[in-house]
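First comes the structure, then the notes that go with it.
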Ligand code: MG
Ligand code: MG
């Protein structure tokens with residue numbers, strides 16, 4: 004007898020979420036590590052006097068020397084290989100001639116493609132000496148990400164991780180951005196589901212083994228409201244207050260969350 008074997012197709016759920024096999028997660032782990040190495044190198048390179056364009060060139064060199072492709076270059080026309088968002092810029096800052104100054108805070112957002120699969124991670128760093136408030140904002144974004152990632156396991160609801168990020172940031176007196184959210188990730192940089200950084204515990208999509216999520220709280224010192232600059236990319240806080248951003252690509256495995264972009 005012949006066993007009828009169907010060609011392997013991605014498992015796409017009714018919700019539009021694409022479940023990844025362990026083999027696909029292996030590839031995404033490699034993409035995540037390219038991203039992690041690049042983020043680490045950028046963190047070490049940030050200093051007063053460097054331009055955001057120089058950081059972009061460094062990142063592109065590193066990603067390509069690893070045999071990978073920058074996820075963001077040309078994505079919907081984005082001109083950079085990475086996003087560099089300074090101070091009141093929330094996300095999607097375009098690298099260029101702008102010089103980074105002592106006291107600034109800088110979000111570095113990096114994506115890389117390995118064998119067709121994306122990794123995506125961001126970190127916010129202080130440039131030289133920064134104010135205590137700026138440092139606590141950065142720490143809040145990191146803490147909100149860690150709190151959400153810890154709740155990213157099979158059987159939990161999306162609202163559990165969303166609430167964890169919100170509760171952490173708001174508990175420190177900051178706000179979380181609403182208009183921009185995290186996302187599923189895989190062969191596409193942005194897949195279903197949306198991963199909000201605000202929500203209600205016990206509500207929302209049931210999380211399952213094989214989901215891979217880019218969790219990325221954007222935490223503001225003042226209002227959570229944002230607007231987009233005339234370049235049609237750069238998102239800034241509506242009130243001009245500081246914003247910090249932290250992101251990891253997190254796979255839901257049988258053993259719980261695995262941070263694929265861990266540094
Ligand atoms: Mg990102
Ligand atoms: Mg992302």
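Numbering (this note's numbering), first residue to last: 4 to 266. A virtual CB, placed ideally from N, CA and C, is assigned to each residue, including glycine.
With distances taken between CA atoms, residue 177 lies nearest to 139 out of 25, 243 and 139. The C-beta separation of residue 247 from residue 127 comes to about 4 Å, placing the pair in contact by the 8 Å criterion.
In the DSSP assignment, residue 186 is bridged to 197 and 217. Here DSSP, grouped into helix, strand and coil, assigns residue 40 to helix. Under the DSSP assignment, residue 59 falls in the alpha helix (DSSP H) whose first and last residues are 55-68.
Rounded to whole angstroms, the separation of the alpha carbons of residue 20 and residue 224 is 33 Å. The three-state secondary structure of residue 133, taken from DSSP, is coil. In the three-state scheme derived from DSSP, where H, G and I count as helix and E and B as strand, residue 30 is classed as helix.
Segment contact: the stretch 148-157 against the stretch 90-106, fewer than three CB-CB distances shorter than 8 Å; contact not assigned. If you draw a 10 Å sphere on the C-beta of residue 257, you find fewer than 16 other C-beta atoms in it, and that means exposed. Residue 209 has its alpha-carbon roughly 43 Å from the corresponding atom of residue 50. For residue 170, the enclosing alpha helix (DSSP H) covers residues 161-174. Excluding residues up to 5 positions away in sequence, 210 lie with their Cβ nearer than 7 Å to the Cβ of residue 159 in the same chain. Below 8 Å, enough C-beta pairs join the stretch 117-131 and the stretch 236-250 to call them touching: three or more.
Comparing alpha carbon positions, the residue from 155, 102, 89 and 70 closest to residue 119 is 70.
By the Cβ rule, the stretch 181-189 counts as touching the stretch 226-238, because three or more pairs are nearer than 8 Å. Beta-bridge pairing by DSSP links residue 254 to 215 and 261.
In this structure, 104 is the residue among 242, 104, 81 and 52 with its C-alpha nearest to the C-alpha of residue 133.
In this structure, 193 is the residue among 193, 245, 215 and 206 with its C-alpha nearest to the C-alpha of residue 75. The beta carbon of residue 56 is closer than 7 Å to those of 98, 99 and 100 in its chain, skipping five residues each way along the sequence. A contact is defined here as three or more CB-CB pairs under 8 Å, and the stretch 84-95 fails this definition with respect to the stretch 26-33.
Residues of the same chain with a CB within less than 6 Å of the CB of residue 131, apart from the 5 flanking positions on each side, are 51 and 105 in chain order. Secondary structure at residue 249: coil, using DSSP grouped into helix, strand and coil. In the three-state DSSP reduction, residue 141 falls in the helix class (H, G or I).
Distance from the CA atom of residue 78 to the CA atom of residue 112, rounded to whole angstroms, is 14 Å.
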